[in-house]
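For the sequence shown, the positions run 1 to 206 when full-length UniProt numbering is used. Have a look at the structure below, then the notes.
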Amino acid sequence: MVDVTLPKFPELTFEPKKHIYKLNGIYIPSVTTVMRPLSNEFYKDVDEDILNAAADRGRAVHNGIENYVKFEIEDIAPQHRGYFDGFLKWMADFKPIPIETECRVYHKYLRYAGTADMPCVIGKNLICVDFKTSAEINRMLTGVQLEAYSKAYESHGVKFDEKAIVHLKSDGTYSMERYKANDSESWEVFGALLTIWNHQQKYKRR
């Protein structure tokens, strides 16, 4: 068993309605915000109502997972039950040991933040797991997202052995995509996006 305690960050706050992170009271961008040029390109042809419905579903399923892991209760709306059943099947198949759920983290030096769904131990490996309920998974987007979370934790001394996306599906099944621990290409892409975001902010303040 890998003995892991994740650091707590009381200096990092989050306003869920506005999806805003603040570090010691000062706004810092989220991983989602930094990645917006990439995600907007991927989702540009998807109807806004469909995107909003998908976001609502994702929040509901994530809340259900958090309640199950923390309190061992199954609290999920009937229309989302299939996704939750996929999560339960994944739990039964892989027997992960959750360290935390919905873990807010920020990069100590680069000053961006995000929320990792469920860092956990599977076998002897510490894995950064993110759950998705979208119709499909874009491995480029998820690779960049997971690497950003991983590097944020690494700046505080926590190193993941690997990362994974668990794709939950409406029919009660799932698939699991695994990613290597250090993805230099994805990190380079995120770094470029962060440079662009910082450059834009500098000119907005002028």
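Yeah, the Cβ is synthetic: ideal placement off N, Cα and C, and Gly gets one too. Remember, predicted model here, so these are calculated numbers, not experimental data.
- Query: In whole angstroms, what separates the C-alpha of K18 from that of V4?
  - Reply: Rounded to the nearest angstrom, the two C-alpha atoms are 31 Å apart.
- Message: Tell me the residue span of the beta strand (DSSP E) that contains K180.
- Response: Looking at the DSSP string, the run of the beta strand (DSSP E) that includes K180 is 174 to 180.
- Inter-stretch contact (C-beta, 8 Å, three-pair minimum) for the stretch 49 to 66 and the stretch 125 to 136: Contact check between the stretch 49 to 66 and the stretch 125 to 136: three or more CB pairs, one atom from each, fall below 8 Å, which counts as touching.
- Task: Determine the direct distance from the alpha carbon of A164 to that of I137, and round the result to whole angstroms.
- Result: Here the alpha carbons of A164 and I137 stand approximately 12 Å from one another.
- Task: Consult DSSP for D161 and reduce its assignment to one of helix, strand or coil.
- Result: When secondary structure is reduced to three states using DSSP, D161 falls in the coil class, being assigned neither helix nor strand.
- Item | Of the listed residues R111, R139, V105, nearest to Y27 (C-alpha basis) | Measuring from the Cα of Y27, the nearest candidate turns out to be R111.
- Task: Could you pull out every residue in the same chain whose Cβ sits closer than 6 Å to the Cβ of P98, ignoring the five residues on either side in sequence?
- Result: Close CB contacts of P98 within its chain, under the 6 Å cut and outside five residues either way in sequence, are with V69, M118, C120 (chain order).
- Alpha carbon to alpha carbon, how far is H199 from K124? CA-CA distance, H199 to K124, rounds to 41 Å.
- When DSSP labels each residue in this structure, what does Q118 get in the three-state scheme? The question names Gln, but residue 118 is Met in the sequence shown. Strand, per DSSP.
- Query: With Y174 and K108 assumed to form a contact (beta carbons below 8 Å), what rounded beta-carbon distance in angstroms separates them?
  - Reply: In this structure, Y174 and K108 do not form a Cβ contact; the two beta carbons are roughly 33 Å apart against a cut-off of 8 Å.
- Using the C-alpha atoms, what's the distance from P16 back to P10? Rounded to the nearest angstrom, the gap between the Cα atoms of P10 and P16 is 16 Å.
- Task: Please state whether DSSP places H107 in a helix, a strand or coil.
- Result: Looking at H107 - three-state DSSP - the assignment turns out to be coil, as it is neither helix nor strand.
- Task: Take G143 and list the residues in its own chain whose beta-carbon comes closer than 7 Å to its own, dropping the five residues that flank it on each side.
- Result: So the list reads Y179, D183, S186, once near-sequence residues are dropped.
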